[in-house]
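Protein chains in written order, with numbering that gives the first Met the number 0: chain B, 0 to 213; chain F, 0 to 213.
There are 2 protein chains.
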Amino acid sequence: MSNLREAVAGVDAHQPYHHGNLRNELLDKALAQLKQVGPDKISLRALAREIGVSQTAPYRHFADKNALLAALAAQGYRELQRVTQEAADAHNDPSQQLCHSGNAYIQFARDNPELYKLMFGPVIACPMDYPELAEAGSSAFQVILNIATKGVSEGVFTDRDVSLIAHAAWSMVHGIASLWIDGMYKCTESSGEKSMILDSLKISLYGILKRDGD
Amino acid sequence: MSNLREAVAGVDAHQPYHHGNLRNELLDKALAQLKQVGPDKISLRALAREIGVSQTAPYRHFADKNALLAALAAQGYRELQRVTQEAADAHNDPSQQLCHSGNAYIQFARDNPELYKLMFGPVIACPMDYPELAEAGSSAFQVILNIATKGVSEGVFTDRDVSLIAHAAWSMVHGIASLWIDGMYKCTESSGEKSMILDSLKISLYGILKRDGD
DNA sequence: TATTTATGTTGTCGGCGAAAACATTGTGCG
DNA sequence: CGCACAATGTTTTCGCCGACAACATAAATA
């Protein structure tokens with residue numbers, strides 16, 4: 000009997016010494032565990048156990064726990080970029096693009112709260128140490144930057160520095176998303192939280208539109 | 000020799016069995032450690048060691064680590080309420096109050112980034128389990144709610160639900176504060192980050208002001 | 001003074017992140 | 001074909017942490 004695990008399992012399914020896809024499976028399981036229990040509760044050992052591999056195997060693919068979280072966050076940024084870009088592409092008017100892209104952003108945060116917290120929260124120690132993460136982050140920001148550029152050049156947005164407008168817009172949607180996730184949006188009126196979020200978004204973005212006398 | 004610590008220290012300074020102020024000193028040292036190394040790196044054992052008390056003594060004053068963090072966050076909310084209220088009290092015009100209070104809010108976050116992350120980040124497990132924390136949080140929110148109420152009643156703000164306006168304003172300043180703390184405000188122009196923050200704040204809050212035709 | 005309550009200590013358990021030393025597999029080069 | 005080497009996974013171990021149970025001491029109170 001050359002393989003103990005085989006014997007214990009009682010099957011002859013050949014369990015290779017090398018997993019072959021450990022890195023990806025680690026990311027998958029980590030994402031699942033993240034959604035269940037939150038970011039800081041993730042344990043490399045638990046992941047390894049779940050996958051059925053030794054507790055130090057993950058260190059062959061990630062320098063440490065932080066690096067795994069960074070890779071996870073980078074995936075998140077790429078997905079965030081995708082959904083916001085899609086929403087923007089569905090419209091031509093920059094105002095519409097901004098509003099719908101922002102809405103998609105907030106919806107992403109709502110659909111993946113733990114991932115979103117991981118991406119923007121203080122869980123990852125030194126985010127700037129991970130080029131993949133930085134690159135994914137600025138790519139995601141590029142979406143809103145492009146909208147701002149278009150809005151200013153078409154004269155729809157207030158005529159200020161494009162980077163400033165993009166940052167302001169980003170702040171708004173990020174603020175709404177964060178507070179919503181954290182349950183800070185207590186709706187007092189009959190209309191639900193969701194419509195309140197939309198109204199809040201509209202109020203916020205209104206400050207960006209060009210006004211008479213600009 | 001009734002006291003080992005006394006013997007080891009070689010002094011007769013009476014080291015009382017009871018510390019007498021352990022709870023407060025724990026909070027103090029925890030705050031200091033928070034500012035140095037961030038929220039999740041805080042260790043009850045390290046705190047106890049630093050204070051010179053056994054590693055389980057903290058559990059006499061806090062049910063667990065989470066409870067200590069919650070108490071720390073509650074302190075933060077009270078301080079945040081203080082600075083924003085002070086900034087608001089220095090003006091009469093609701094627009095000015097909103098702007099300056101928001102600026103004070105952002106400044107607080109900038110001055111106490113780790114504490115701010117603790118207050119709003121995902122570090123504290125079940126915030127709603129701590130009445131002190133919830134109370135401090137809603138008291139802090141009350142500041143901005145009062146400004147919104149005044150602004151609407153005086154006809155300076157757009158005529159919408161007061162709670163909605165307050166939440167929108169809160170989202171804006173929170174978004175700016177969060178992104179600034181996380182180093183996401185990369186200023187591309189000659190003017191520094193700080194003026195960019197102020198401009199961003201103004202753009203955001205502009206959406207709240209009453210407009211012709213409202 | 002005697003009892004109860006608040007506070008601090010010792011000892012211990014299980015879990016975790018991480019490193020060192022070792023084992024196995026696949027790969028490319030002679 | 002065969003062998004060295006790199007990639008990947010394992011075993012073992014260390015130190016740290018949060019948390020609990022049992023015990024010790026001081027303070028308050030009756």
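Ideal placement from N, C-alpha and C gives every residue a C-beta, glycine not left out.
Residues of its chain near residue i, where Cβ-Cβ distance is below 7 Å and the 5 sequence neighbours each way are ignored
i, result
"F:ALA29", "ILE41, LEU46, LEU67, LEU71"
"F:ALA124", "ASN65"
"F:HIS60", "LEU21, ARG22, LEU25"
"F:THR55", "none"
Limits of the unbroken alpha helix (DSSP H) element including residue i
i, result
"F:LEU208", "Segment: none, F:LEU208 is in no alpha helix (DSSP H) and carries neither H nor E."
"B:HIS173", "161-180"
"F:LYS28", "21-36"
For residue i, three-class secondary structure by DSSP
i, result
"F:PHE156", "strand"
"B:GLY51", "coil"
"B:MET183", "coil"
"B:ALA56", "helix"
"B:GLY191", "coil"
"B:ALA45", "helix"
"B:LYS40", "coil"
"F:PHE61", "coil"
"F:LEU3", "Residue placement at F:LEU3 is poorly supported in this model, since its pLDDT is 36, which falls under 50; the coordinates are not used for a value here."
"B:ILE196", "helix"
6 Å CB neighbourhood of residue i in its chain, flanking five on each side removed
i, result
"B:THR83", "SER100, ALA103, TYR104, VAL142"
"B:PRO112", "ILE180"
"F:GLY75", "LEU114, MET118"
"F:ALA176", "ILE105, ALA108"
"F:LEU43", "PRO57, LYS64"
"F:SER162", "none"
"F:ALA165", "ILE143, LEU144, ALA147"
"F:GLN96", "ALA87, HIS90, ILE146"
"F:GLN32", "ILE41"
"B:ALA73", "GLU131, LEU132, ALA135"
Same chain, Cβ closer than 8 Å to residue i, five either side skipped, listed in chain order
i, result
"F:GLN80", "ALA135, SER138, ALA139, GLN141, VAL142"
"B:CYS98", "LEU200, LYS201, LEU204"
"B:VAL217", "Since the first residue shown for chain B is 0 and the last is 213, residue 217 of chain B is missing from the structure and cannot be characterised."
"B:ALA167", "GLY206, ILE207"
"F:MET171", "GLY101, LEU200, SER203, LEU204"
"F:ARG48", "GLN54"
"F:ASP92", "VAL155"
"F:GLU153", "PRO93"
"F:LEU178", "TYR184"
| field | Minimum length 4: unbroken alpha helix (DSSP H) runs contained in the region 72-134 of chain F | value | 93-110, 112-119
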